[in-house]
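A.B. asks: Be aware that the sequence shown starts at 20, since it is given in the numbering used here, and climbs by one per residue.
Every residue, glycine too, gets a C-beta built ideally from N, C-alpha and C.
Since this is a predicted model, take the numbers as computed values, not measurements.
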Amino acid sequence: MFCAISSRHLQLARVVPGTFARAYESTLAAADTAASSSGPQLVTYPYFVHRTRFQSLPVYTDVKNGKTRKLTIVRRIEGDLEALRSDMSKTLSDSTIQIKKASQQLVIKGERSDEVRAWLTRSGF
20 MFCAISSRHL
30 QLARVVPGTF
40 ARAYESTLAA
50 ADTAASSSGP
60 QLVTYPYFVH
70 RTRFQSLPVY
80 TDVKNGKTRK
90 LTIVRRIEGD
100 LEALRSDMSK
110 TLSDSTIQIK
120 KASQQLVIKG
130 ERSDEVRAWL
140 TRSGF
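1. Using CA coordinates, which residue listed in 63, 81, 128 and 70 is at the minimum distance from residue 111?
2. Report whether the distance from the Cβ of residue 93 to the nearest heavy atom of the ligand GTP is below 7 Å.
3. Can you tell me whether DSSP reads residue 120 as helix, strand or coil?
4. Name the one or two DSSP bridge partners that residue 143 has.
5. When DSSP labels each residue in this structure, what does residue 107 get in the three-state scheme?
6. Determine the DSSP secondary structure at residue 100, reduced to helix, strand or coil.
Shown next, in the form of structure tokens:
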């Protein structure tokens with residue numbers, strides 16, 4: 020089965036990778052709702068999470084120790100890993116987030132892939 024990607028997604032994929040500025044809906048900026056218009060806002064982050072070649076988010080689940088230990092891994096990160104960890108830890112309460120600097124990855128204790136994907140999507144990645 021052949022799946023075609025719309026030209027809108029291809030156009031965004033060509034423009035976005037050079038910058039860390041992302042546009043997202045004003046639902047996250049509750050304090051600025053009165054001052055801003057109803058359109059998306061431009062927010063700059065010190066990090067960037069690249070999508071895969073099939074335009075999906077690079078969030079994976081790893082199972083270790085005979086299926087008793089589950090980890091969530093975020094890959095393809097560029098920029099400041101500490102800032103991403105602090106922003107993500109505000110949303111994911113009661114989770115341990117480790118940084119792998121050699122491979123530019125975040126490792127989150129537990130099965131949190133759905134929450135991480137939702138947070139990345141809300142943040143504009």
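C.D. replies: Reading off the structure:
1. Closest option to residue 111, judged by alpha-carbon separation, among 63, 81, 128 and 70: 128.
2. For the structure depicted, the ligand GTP is absent and the ligand set is empty, with no information on it obtainable.
3. Reduced to three states, the DSSP call for residue 120 is coil.
4. None, per the DSSP bridge assignment.
5. Residue state, collapsed to three classes: helix.
6. Three-state DSSP puts residue 100 in a helix.
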